[in-house]
Amino acid sequence: MQIILMQQLREYFSSLRVQLGLLIVVAFFSINGLTSAWRMEQVDDQQQRGRAQVEDRLDVESLYEASNTWLRAEGQATGTEFIAEGGFKWMWGRLDFLLNWAHPSWFFVARDVNFWMTRFDDIDWLLVVRIVLSFLCIVLAYDGISGEVERGTLRQILANPLSRARLLTAKYLAGLLVVMVATLVGAVVSLLVLSLHGAIQFNLVLFTGIGLFVLGTMLYVSLFLFLALGVSALVRNSVASLVLLTLAWAVFVVVVPQTSYLIAMQAGIEPEGGDDPGRFWTDAAWELRRETVNALMRQGMNVRDSSLAVADGYAQEQRLSRQLVTLSKEVERLNDDGLLRQLARYRVSRAVNLLSPGYAYQYATEALMGAGIVKRQSFYRQARAYREEVAQIVRERDAADPNSPHLPQLMAFRSKAPLGEPGLPRFSERPPTWGERLEWGSVPLLVLVLEAVLACLFAVWAVNRTDVTGYAMSES
């Protein structure tokens with residue numbers, strides 16, 4: 000087997016198609032390094048400006064200012080977006096909220112100056128592997144068995160004490176070594192470009208991400224290598240093998256992902272707030288707010304001057320405040336329902352995409368690295384908890400003020416007392432826990448493993464039923 004392995008490696012590295020493939024892979028990784036360096040510089044600049052704005056907003060001196068100031072929770076970059084961008088530039092990553100009478104408003108903001116440009120995929124490492132390396136596997140192995148038949152060497156190879164399983168293993172290992180060498184060389188070039196721009200920090204997070212990427216890539220390319228070798232053993236010539244493999248690659252890598260969005264659109268899960276990711280308020284929430292406010296005004300539930308309100312112990316203002324609290328809770332429920340509908344549509348699209356090995360690989364790697372949807376959901380929960388923490392601090396300090404009517408929903412009746420030390424807390428995003436990562440990554444990982452195992456079994460079956468002449472042996 001070692002002789003076959005070494006001979007196959009010599010053939011690969013001396014082949015023009017393999018040499019061109021390696022150059023193309025390295026070129027894509029180099030482009031990734033340049034574009035990611037520029038992107039990460041922009042993100043770092045945006046985050047520095049955002050932190051400065053947050054500090055200005057949190058620098059308030061009274062409870063009145065705290066409840067009348069737009070506060071912000073903003074997510075942080077993982078530092079591994081060049082490996083798995085994971086929707087970082089277009090998924091929600093910032094929450095602005097106001098502790099006032101109607102509703103703490105939410106805005107999910109894209110990190111791209113031009114919203115329409117978010118429709119284009121970034122060239123991250125996962126994209127290079129998903130498209131370029133998978134096709135390189137086909138180019139390497141489409142004639143792995145059929146080529147031996149056409150050259151008349153398969154009969155000679157099997158005349159030696161070499162089992163078909165060991166022949167398949169040698170062919171597979173040779174292809175895997177070539178592909179992984181191309182991947183590692185490209186990754187080193189990308190890291191070199193990024194480090195020269197000062198865009199990355201070599202730490203545990205980065206090395207963990209690289210390790211997960213390498214393991215996921217080995218599993219993913221193994222699937223295509225086994226598939227290519229199996230088809231090569233099953234058909235009678237290399238041309239037919241290449242045509243069938245190219246067609247299969249186009250269906251699973253290109254066509255299936257393009258249909259997932261359409262299927263999700265037809266699933267009957269319609270977000271009431273529309274498809275704009277920057278719009279969180281649903282139509283139902285806006286309508287409820289407008290109708291409730293108009294009804295309160297028709298009932299004469301207006302905010303009176305404090306000198307008049309104090310005469311009856313703020314009775315009217317207390318009723319109005321209770322109504323507004325109820326309104327805020329209902330509006331938030333409707334908005335949460337709208338977000339859950341959007342997430343449900345995403346789940347449908349994601350389930351369809353899992354039919355594509357490329358997206359099973361991408362979803363699994365993103366989730367285990369703490370990127371993609373797992374990061375967005377983790378940020379969403381943390382941002383809501385931060386908003387509630389700030390609101391609780393304001394409520395407690397307002398309740399401790401004997402001069403306050405304790406109606407924080409009404410601007411004119413908030414406590415004017417000093418905020419005191421230590422002031423309002425700062426938001427700091429924590430990476431998703433491994434439990435959260437496995438919650439989203441276990442299914443794609445299992446699907447990818449299953450697909451790789453099935454491809455391996457198919458290759459073993461195809462090689463074992465192929466005659467040394469190249470024709471499939473009869474079942475008898």
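The numbering of the sequence shown is numbering that gives the first Met the number 0, which starts it at 0 and goes up by one. From the three backbone atoms N, C-alpha and C, an ideal C-beta is built for every residue, glycine too. Predicted, not measured: the structure shown is a model, and the values here were computed from it.
- Between Leu-409 and Glu-290, the C-beta gap is not smaller than 7 angstroms, which leaves the two residues out of contact.
- Exposure of Phe-206 is indicated by the presence of fewer than 16 other C-beta atoms within 10 angstroms of its C-beta.
- In the three-state DSSP reduction, Ala-72 falls in the strand class (E or B).
- In its chain, beyond the 5 residues on either side, Ser-240, Leu-243 and Leu-244 have a beta carbon closer than 7 angstroms to the beta carbon of Val-230.
- According to DSSP, residue pairing for Ser-61 in a beta bridge involves Pro-417.
- By the beta-carbon neighbour count (other beta carbons within 10 angstroms, threshold 16), Gln-361 is buried.
- Of the residues Ile-2, Gly-419 and Tyr-141, the one whose Cα lies closest to the Cα of Asp-58 is Gly-419.
- For Val-234 against Ser-145, the beta-carbon gap comes to about 6 angstroms, under 8 angstroms, which counts as contact.
- In this structure, DSSP gives Thr-258 a helical state, which the three-state scheme calls helix.
- Rounded to the nearest whole angstrom, the C-alpha separation of Glu-331 and Val-131 is 44 angstroms.
- DSSP, reduced to helix, strand and coil, places Asp-121 outside both helices and strands of the structure shown, so it counts as coil.
- Asn-159 sits exposed, since fewer than 16 C-beta atoms from the chains shown fall within 10 Å of its C-beta.
- Shown here for Ile-122: same chain residues with a beta carbon closer than 7 angstroms to its own, the five before and five after excluded, namely Phe-27, Ile-30, Asn-31 and Thr-34 in chain order.
- Collapsing the DSSP output to three states places Leu-94 in a strand.
- Residue burial annotation: Gln-298 is exposed, with fewer than 16 other C-beta atoms found within 10 angstroms of its C-beta.
- The alpha helix (DSSP H) runs lying completely inside the stretch 274-316 and spanning 4 residues or more are 282-297 and 305-308, given in chain order.
- One thing to note: Ala-173 has its Cβ no nearer than 7 angstroms to the Cβ of Met-39.
- Between Arg-71 and Asp-43, the gap from beta carbon to beta carbon reaches 7 angstroms or more.
- In the DSSP assignment, Arg-150 falls within the unbroken alpha helix (DSSP H) covering 145-150.
- Here Glu-286 is exposed. Its C-beta has fewer than 16 other C-beta atoms within 10 Å.
- Leaving aside the five residues that flank Leu-161 on each side, the residues in its chain whose CB is nearer than 8 angstroms to its CB run, in chain order, Met-0 and Ile-3.
- The beta carbon of Trp-124 sits closer than 8 angstroms to those of Phe-28, Asn-31, Phe-81, Ile-82, Ala-83, Ala-186, Ser-189 and Phe-212, all from its chain and outside the five residues before and after it, given in chain order.
- In the three-state reduction of the DSSP assignment, Asp-400 falls in the coil class.
- DSSP places Ala-370 outside both helix and strand once states are collapsed to three, so it counts as coil.
- Contact fails between the stretch 368-377 and the stretch 447-462, because fewer than three Cβ pairs, one in each stretch, are under 8 angstroms apart.
- Taking the Cβ atoms as the reference, Asp-400 lies roughly 16 angstroms from Ala-390, outside the contact range of under 8 angstroms.
- Cβ-Cβ distances below 6 angstroms link Ala-359 to Leu-353, Pro-443, Val-446 and Leu-447 in the same chain, with the five nearest sequence neighbours on each side left out; the list follows chain order.
- Sequence-distant Cβ neighbours of Val-462 in its own chain, meaning closer than 8 angstroms and more than five residues away, are Ile-144, Arg-163, Ala-164, Leu-166, Leu-167, Leu-228, Gly-229 and Ala-232.
- In the structure shown, Thr-34 falls within a helical segment according to DSSP collapsed to helix, strand and coil.
- Under the three-state reduction of DSSP output, Ser-162 falls in the coil class, being neither helix nor strand.
- Beyond the five residues adjoining it in sequence on each side, Val-127 comes within less than 8 angstroms, by CB distance, of Val-24, Phe-27, Phe-28, Asn-31 and Gly-185 in the same chain, given in chain order.
- Exclusion of the five residues before and after His-405 leaves Asp-397 and Ala-398 as the residues of its chain whose Cβ lies within less than 7 angstroms of its Cβ.
- At a Cβ-Cβ threshold of 7 angstroms, Ala-350 and His-196 do not count as neighbours.
- For Gln-1, the uninterrupted alpha helix (DSSP H) segment begins and ends at 1-13.
- Contact check for Thr-79 and Val-204: beta-carbon distance about 7 angstroms, within the 8 angstroms limit, so the pair qualifies.
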